[in-house]
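Chemist:
Number of protein chains: 2
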Amino acid sequence: MSKRLTSWVESANNADTPFPLNNLPYGVFSTPGTEPRCGVAIGDQILDVQALEAAGLIDAGGAFKEPTWNAFMGQGKPAWDALRARLTDILTAGSDDQSKAGKLLTPQTDATMHMPISVAEYTDFYASRDHATNVGTMFRGAENALPPNWLHIPIGYNGRASSVVVSGTDVRRPWGQLKSPDDDKPRFAPSQRFDIELEMGAIVGTPSNGPISVQEADGNIFGYVLLNDWSARDIQRWEYQPLGPFQAKATATTIGPWIVTTAALEPFRCDTPAREFELLDHLKDQGPMLYNIDLSVTIAPAGKAPTTIVRTNYKEMYYSSAQQLAHHSTSGCPMRTGDLLGSGTISGPNKENRGSLAELTWGGKEPVTLDTGETRSFIEDGDTLVLHGTAKGEDYTIGFGSCVGTLLPALKDPFARS
Amino acid sequence: MSKRLTSWVESANNADTPFPLNNLPYGVFSTPGTEPRCGVAIGDQILDVQALEAAGLIDAGGAFKEPTWNAFMGQGKPAWDALRARLTDILTAGSDDQSKAGKLLTPQTDATMHMPISVAEYTDFYASRDHATNVGTMFRGAENALPPNWLHIPIGYNGRASSVVVSGTDVRRPWGQLKSPDDDKPRFAPSQRFDIELEMGAIVGTPSNGPISVQEADGNIFGYVLLNDWSARDIQRWEYQPLGPFQAKATATTIGPWIVTTAALEPFRCDTPAREFELLDHLKDQGPMLYNIDLSVTIAPAGKAPTTIVRTNYKEMYYSSAQQLAHHSTSGCPMRTGDLLGSGTISGPNKENRGSLAELTWGGKEPVTLDTGETRSFIEDGDTLVLHGTAKGEDYTIGFGSCVGTLLPALKDPFARS
Chain A
1 MSKRLTSWVE SANNADTPFP LNNLPYGVFS TPGTEPRCGV AIGDQILDVQ
51 ALEAAGLIDA GGAFKEPTWN AFMGQGKPAW DALRARLTDI LTAGSDDQSK
101 AGKLLTPQTD ATMHMPISVA EYTDFYASRD HATNVGTMFR GAENALPPNW
151 LHIPIGYNGR ASSVVVSGTD VRRPWGQLKS PDDDKPRFAP SQRFDIELEM
201 GAIVGTPSNG PISVQEADGN IFGYVLLNDW SARDIQRWEY QPLGPFQAKA
251 TATTIGPWIV TTAALEPFRC DTPAREFELL DHLKDQGPML YNIDLSVTIA
301 PAGKAPTTIV RTNYKEMYYS SAQQLAHHST SGCPMRTGDL LGSGTISGPN
351 KENRGSLAEL TWGGKEPVTL DTGETRSFIE DGDTLVLHGT AKGEDYTIGF
401 GSCVGTLLPA LKDPFARS
Chain B
1001 MSKRLTSWVE SANNADTPFP LNNLPYGVFS TPGTEPRCGV AIGDQILDVQ
1051 ALEAAGLIDA GGAFKEPTWN AFMGQGKPAW DALRARLTDI LTAGSDDQSK
1101 AGKLLTPQTD ATMHMPISVA EYTDFYASRD HATNVGTMFR GAENALPPNW
1151 LHIPIGYNGR ASSVVVSGTD VRRPWGQLKS PDDDKPRFAP SQRFDIELEM
1201 GAIVGTPSNG PISVQEADGN IFGYVLLNDW SARDIQRWEY QPLGPFQAKA
1251 TATTIGPWIV TTAALEPFRC DTPAREFELL DHLKDQGPML YNIDLSVTIA
1301 PAGKAPTTIV RTNYKEMYYS SAQQLAHHST SGCPMRTGDL LGSGTISGPN
1351 KENRGSLAEL TWGGKEPVTL DTGETRSFIE DGDTLVLHGT AKGEDYTIGF
1401 GSCVGTLLPA LKDPFARS
């Protein structure tokens, strides 16, 4: 296992910091009165990457003039590796650049985080076997739980990029067309079964045009973020046949503020589970392409303490993001810098590993009890949901930052304009 | 009915031109050695809108410096109306601007057409009752043909914006994961059931954030293009459960080169068909929001004459684009300038009205015979498909330009890089 690197930023050397020198995750931040710009987290600080380039300490061809990571991501892996090496130099204990770079640090507590990328398109997959089995059982019965294609293709659908927001953005309970099995006709009302989905989001850095191999796909991924794919289960149940989820998934998808790069995750690679059927050649694993990342979710009623309701691990997935991206390209679909691929809800074999409330409460029939004594079937107004992710090295931890969202009550009249 | 306006561009006054002064459709064109720029079709000419603004003949705040219509569309309906009025002035017989504008004309035969918009996101609907019934019968049997939600919601799914191309772009037959009902396992092979879908594409001009009414949605639509949603039926059949079409629809979607504005289509508005069930209030028709547009499709084997295989009309739709856009926004989904909404395949009650080969040949079982004597179940390599659309006034016709695509053979090795 890899060991902790030592930085002159003291807080980056604490055993429990999520942002040691081994991590160097990328985000976009601002402070009061300043414009959003690219930065890298180190300990409890953010190093201003735009200012680093302006000062000539790094050279990315002007990519950091814009307040997203897209232009830099589009430069490809050699540029990614070069920047990471250079940032590591700058931030290593004893660096000659300490005095200059030290002036470009901002405490994270002073910063507001923004979308780290402009999302080109958003795709969501369905790739944890336990999740697909759980949801399939609830929607279609135990006998039809896992669709016949599921063990052969990483099933996915296109989501809505315009609805992706950064951690900290409040989410408004949506209205939608609903029809319970015992209603004789549908009605338009606020969703009563609003849910989370605990996922990882893979960000495409290098574009492609035409089918790509799993190996190539792995190399095209720039990094990963935490991702909460908010889901209105009652809207979904009525709308999803035959063309899949649509408005149920379009209210919001929240991503974490920090992109942890594939380079930082390298020591944590692990294999996908054993295959029930051999995959077709173009989807076969080409080395370990999942990551050992502990994941959890907390829920906190308004003004109250959080309760951890989910504990799982990214290695529970049946398909890696590289396999998903390769499949995504098979028909010739052009993939672009800034494409975001949700892993699908990450559930594991035990009840506490279930990555959505629909699974945890079995469609609302078995409410979970919080530490506050309250119970939850689905999310209630004012609840704050937080996703956490960590990968553990020998003596250090890599974190993703929190992925936070609070549910606001539905509008009384959704068509009234303020 | 409205009558033809007279222009000093003589070819715009021919009875059979698709581009009389009443039309004024918007596109992006280039000529050899020049950069793509915005233009408007008039008769057999294109008037250079970028040059018009540079010359001070129109003022759109610099929107035409970029080679797409997005910046202008984002300015909203008052700007759209003002430009149309001004272009009508400039091009009307006897205009004071004739000598200046006359120098900014390019014959359409000298021009290459480009994507008229940068597609923000692409959504495809499923809104012709005959199409949904035909396809549903083939995929799920006659008893389950029309899903229970179909008469209550304009069913749609998110497509892939990166795959939208302009008329004239060749389309490569895709590979995909296929499994016939009698195969015991899937295989990876070129699609053998590659198809067209005849649709109209509505382009969102004015963005929105939160639910909007059908009336508001109607006003936010900038215009319409012909749209061919190429579809690999064999990939679709295996992949589409439970989350909808994905790679089957991601090879390409071709749009026509000319955006016909809602202003030009105003005289052709018509009502949706009678409702079997009353729609919920937020989806109810707010006036006539479909259009009477004759549509047809021709197919031509390589080097041979075309045969018309489809004749239908946009008024066959059960839901208008305004209803689709309103539904799209119900959950709070932000809609952006440049969003493209495919109407769904436009089929009518008779066999010749069916807007896809899957329907025309009933899943390949009843091949169509072309005028050349050849037969077609699905598209063959080298075939050229062309969509046409016209709206007929009292003494003039409004055309959409042709929406053309030729199918290239599948790559022998889809992963080989040239």
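Those protein sequence lines, which keep their order, are chains A and B.
Taken in order, the first sequence gives residues 1 to 418; the numbers are from the working numbering.
Taken in order, the second sequence gives residues 1001 to 1418; the numbers are from the working numbering.
Think of the CB as a built atom: it goes at the ideal place given N, C-alpha and C, for glycine as much as any other residue.
Only a predicted model underlies this, so the values are computations on that prediction, with no experimental measurement involved.
1. In this structure, what does DSSP give as the bridge partners for A/M200?
2. What is the DSSP secondary structure of B/M1115, counted as helix, strand or coil?
3. If you reduce the DSSP assignment to three classes, tell me which class B/T1262 lands in.
4. State the Cα-Cα distance for the pair A/S95 and B/I1155, rounded to the nearest angstrom.
5. May I have the straight-line CA-CA distance separating A/V225 from A/M200, to the nearest angstrom?
6. Could you give the C-beta distance for A/Q286 and A/Q215, rounded to a whole number, given that I count them as a contact under 8 Å?
7. Find out if the Cβ-Cβ distance for the pair B/M962, B/F1222 is shorter than 8 Å.
8. Check whether the stretch 35-52 of chain A touches the stretch 272-280 of chain A, counting contact only when three or more Cβ pairs, one atom from each stretch, lie closer than 8 Å.
9. Report the partner residues of B/M1335 according to the DSSP bridge assignment.
10. Output, in chain order, the set of chain B residues within a Cβ distance shorter than 8 Å of A/P25.
11. Could you spell out the range, first to last residue, of the alpha helix (DSSP H) harbouring B/Q1045?
12. Given that B/I1153 touches chain A, what residues does it touch there, using C-beta distances under 7 Å?
13. Can you tell me whether A/L408 is buried or exposed? The criterion is at least 16 other CB atoms within 10 Å of its CB, across all chains shown.
14. Interface residues of chain A around B/Q1323 at Cβ under 9 Å?
15. Just to confirm my understanding: we take B/K1003, look at its own chain, exclude 5 residues before and 5 after, and list those with CB closer than 8 Å. What are they?
16. What does a CB cutoff of less than 8 Å around B/I1419 pick up in its chain, not counting 5 residues either side in sequence?
17. Looking at the secondary structure, which residues open and close the beta strand (DSSP E) in which B/T1031 lies?
18. Would you mind sorting A/P242 into buried or exposed? The rule is 16 or more other CB atoms within 10 Å of its CB.
19. How long is the line joining the alpha carbons of B/P1306 and B/M1317, rounded to whole angstroms?
20. On a CA-only basis, which of A/N292, A/M289, A/S231 is nearest A/G355? Give me that one, please.
21. If you count every other CB in all the chains shown that lies within 10 Å of the CB of B/P1032, and 16 or more means buried, which is it?
22. Tell whether a beta-carbon distance below 8 Å holds between B/V1171 and B/G1405.
23. For B/I1235, which three-state DSSP category applies?
24. How far does the alpha helix (DSSP H) with B/I1293 in it reach, from first residue to last?
25. So if I threshold CB-CB distances at 9 Å, which residues from the stretch 1381-1406 of chain B count as touching chain A?
26. Let's test the definition: count the other Cβ atoms within 10 Å of the Cβ of A/D229 and tell me whether it reaches 16, buried, or not, exposed.
27. Just to confirm the assignment: which complete alpha helix (DSSP H) runs, minimum length 4, are found wholly within the stretch 1171-1198 of chain B?
28. Using DSSP with H/G/I as helix, E/B as strand and the rest coil, what is B/Y1314?
29. Which whole-angstrom value is the C-beta distance of A/D44 and A/P107, which I expect to be below 8 Å?
30. In this structure, does DSSP put A/N144 in helix, strand or coil?
31. For A/R160 and A/H328, I'd like the C-alpha separation in whole angstroms.
32. Tell me whether the beta-carbon of A/T272 lies closer than 8 Å to the beta-carbon of A/L295.
33. Give a yes or no on whether 8 Å exceeds the smallest Cβ distance from B/R1160 to chain C.
34. Please tell me whether B/I1235 has its Cβ less than 8 Å away from any Cβ of chain A.
35. Hey, quick one: how far does the alpha helix (DSSP H) through B/K1065 stretch, first residue to last?
36. If we ignore side chains and look at the alpha-carbon of each, how far apart do B/L1057 and B/D1097 end up?
Modeler: Quick look at the numbers:
1. A/L226
2. coil
3. helix
4. 59 Å
5. 6 Å
6. 4 Å
7. As shown, chain B starts at 1001 and ends at 1418. That puts residue 962 of chain B outside it, with no answer to give.
8. no
9. B/S1208
10. Neighbours of A/P25 on chain B: none; closest Cβ ~27 Å, over 8 Å.
11. From DSSP, B/Q1045 is part of no alpha helix (DSSP H) but of the beta strand (DSSP E) over 1045-1048.
12. Q177, E239
13. exposed
14. Per Cβ cutoff of 9 Å: no residues; B/Q1323 is ~12 Å from chain A at best.
15. G1393, E1394, D1395, Y1396
16. Not covered by the structure: residue 1419 of chain B. The range shown for chain B is 1001 to 1418.
17. Note, B/T1031: premise wrong, no beta strand (DSSP E); not H, not E.
18. buried
19. 26 Å
20. A/S231
21. exposed
22. yes
23. helix
24. No alpha helix (DSSP H) holds B/I1293; DSSP gives it neither H nor E.
25. none
26. buried
27. none
28. helix
29. 6 Å
30. helix
31. 16 Å
32. no
33. Looking for chain C here will not work: the only protein chains present are A and B.
34. yes
35. Where B/K1065 is concerned, there is no enclosing alpha helix (DSSP H), given that its DSSP letter is neither H nor E.
36. 8 Å
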